[in-house]
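Visitor: In the working numbering, the protein residues as written are 171 to 497. We treat Cβ as the ideally placed atom computed from N, Cα and C, and that holds for glycine. This structure is a prediction, so every number in the text was calculated from the model and none was measured.
1. State the Cα-Cα distance for the pair residue 221 and residue 440, rounded to the nearest angstrom.
2. In terms of alpha-carbon separation, which member of 444, 486, 349 and 457 lies closest to residue 433?
3. Rounded to the nearest angstrom, how far is the Cβ of residue 464 from that of residue 280, given a contact under 8 Å?
4. Locate the beta strand (DSSP E) running through residue 493, then write down its first and last residues.
5. For a test of the three-state rule: what should DSSP assign to residue 370, helix, strand or coil?
6. Spatial neighbours of residue 383 within its chain, please: C-beta separation below 6 Å, excluding the five flanking residues on both sides.
7. Can you confirm whether the region 369-379 touches the region 228-242 when touching is taken to mean that 3 or more C-beta pairs between the two stretches lie within less than 8 Å?
8. Is any heavy atom in the ligand GDP found nearer than 7 Å to the beta carbon of residue 449?
9. For residue 381, report the span of its beta strand (DSSP E) as first-last.
10. So what does DSSP say about residue 336, is it helix, strand or coil?
11. Contact defined as beta carbons within less than 8 Å: I believe residue 256 pairs with residue 250. What is the distance between those atoms, to the nearest angstrom?
12. Could you tell me which of 453, 338, 395 and 212 sits nearest to residue 308, measuring between CA atoms?
13. So, at 7 Å on beta carbons, what are the nonlocal neighbours of residue 263 in its own chain, with the 5 sequence-adjacent residues on each side left out?
14. Can you check whether the CB of residue 209 is closer than 8 Å to the CB of residue 259?
15. Tell me which same chain residues have a C-beta within less than 8 Å of the C-beta of residue 389, skipping the five on either side of it?
16. Spell out the partners DSSP gives residue 400 in its beta bridges.
17. Look at the Cβ atom of residue 326, then the Cβ atom of residue 481, and state whether they are nearer than 8 Å.
18. Using 8 Å for Cβ pairs, my map puts residue 204 next to residue 230. What's the rounded Cβ distance?
19. By DSSP, does residue 412 sit in helix, in strand, or in coil?
20. Taking the straight line between their C-alpha atoms, what separation do you get for residue 278 and residue 404?
21. DSSP three-state label for residue 312, please.
22. According to the Cβ coordinates, are residue 429 and residue 232 closer than 8 Å?
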């Protein structure tokens, strides 16, 4: 168990090296002609379309040389984009909504991926030990559950899924603690947390290490496929570089459509995108669901829930939060 966990653990330094190597898909001779941009992201399966856009030269076709910078969570990426350290970022929708409600200059430009539209398999899951007496979300009252960070979409979805399964006042009824995705499998196995949220490839790792899934919580929030995350930029950067931003979006959506059409290549690519993941794990994980479009309505349910659970005091301007290419 420990060996597999160590093999899967996504240290920021190692992931940065892996993604830097992946970026070599753009020919060196072209570099001087391309606009260098930095994208803050996480080395998880939902980002494979960005890897495809890099590897197949689709960013380069849009005049871009993209450098990936990994971070632990969406809040850190939002901070870096607002500060101008990153040109683009990838974050869960809740962190973007909170930032917008505080008047920060964030603008969502492309859909990241959507939550599960079925309840048998999923890219995100809550797992427990095989011998746990916890059988469903309703059994989590009085227990300790992990979220990769707090005040984000994972945290929000846990609360909403718990309430939808009959737990009143879930923020008080369940203790939610912060545990990075790579650490969840070992902490649940050791009994340090009763249940933990994992995203692929850690769902596959959990199943391989005598854990079991009790819920695909994003499905519990909205079975129609709620938007989980989005690519975004700083409003000032968008106003100064509208054509560049639209080119970035085109390359991302091209990568997403390719991923939708070629699931086997998604699995084959993941160990190249993140060298800590074995091909065996990649072959067994559940693929994300991508939806290459973005509208203000995609944020509506998440915003309503963020207000309901006290993550933000009021509704931000969702029209202003979203940039649709060609505007």
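Guide: The answer reads as follows:
1. Residue 221 and residue 440: Cα-Cα distance of roughly 9 Å.
2. For the options 444, 486, 349 and 457, the alpha carbon positioned closest to that of residue 433 is the one of 457.
3. Cβ-Cβ separation between residue 464 and residue 280: approximately 6 Å, consistent with a contact (criterion under 8 Å).
4. Neither: residue 493 is in no beta strand (DSSP E) and is coded neither H nor E.
5. Looking at residue 370 - three-state DSSP - the assignment turns out to be coil, as it is neither helix nor strand.
6. Take residue 383, set aside five residues on each side of it, and the residues of its chain with a beta-carbon closer than 6 Å to its own are 295 and 297, in chain order.
7. No: the two stretches stay apart, fewer than three of their Cβ pairs being nearer than 8 Å.
8. No copy of the ligand GDP appears in this structure; indeed no ligand is present at all.
9. Its beta strand (DSSP E) spans residues 381-385.
10. Three-state result, residue 336: coil.
11. The pair is a contact, with the Cβ atoms about 4 Å apart (cut-off 8 Å).
12. For the residues 453, 338, 395 and 212, the minimum Cα distance to residue 308 belongs to 338.
13. The beta carbon of residue 263 lies closer than 7 Å to those of 323, 397, 398, 399, 400, 469 and 472 in the same chain, with the five residues before and after it left out.
14. Contact flag set, yes.
15. Cβ within range, chain order: 285, 286, 287, 288, 289 and 292.
16. For residue 400, which the question treats as bridged, DSSP gives the partners 261 and 281.
17. Result yes, Cβ atoms of residue 326 and residue 481 sit closer than 8 Å.
18. For a cut-off of 8 Å, the C-beta gap from residue 204 to residue 230 is around 6 Å, short enough to register as a contact.
19. Here residue 412 sits in helix by DSSP.
20. Their backbone Cα atoms lie some 9 Å apart in a straight line.
21. DSSP, read as helix, strand or coil, puts residue 312 in coil.
22. Inclusion of residue 429 and residue 232 in the CB contact set at 8 Å is not warranted, their separation being larger than that value.
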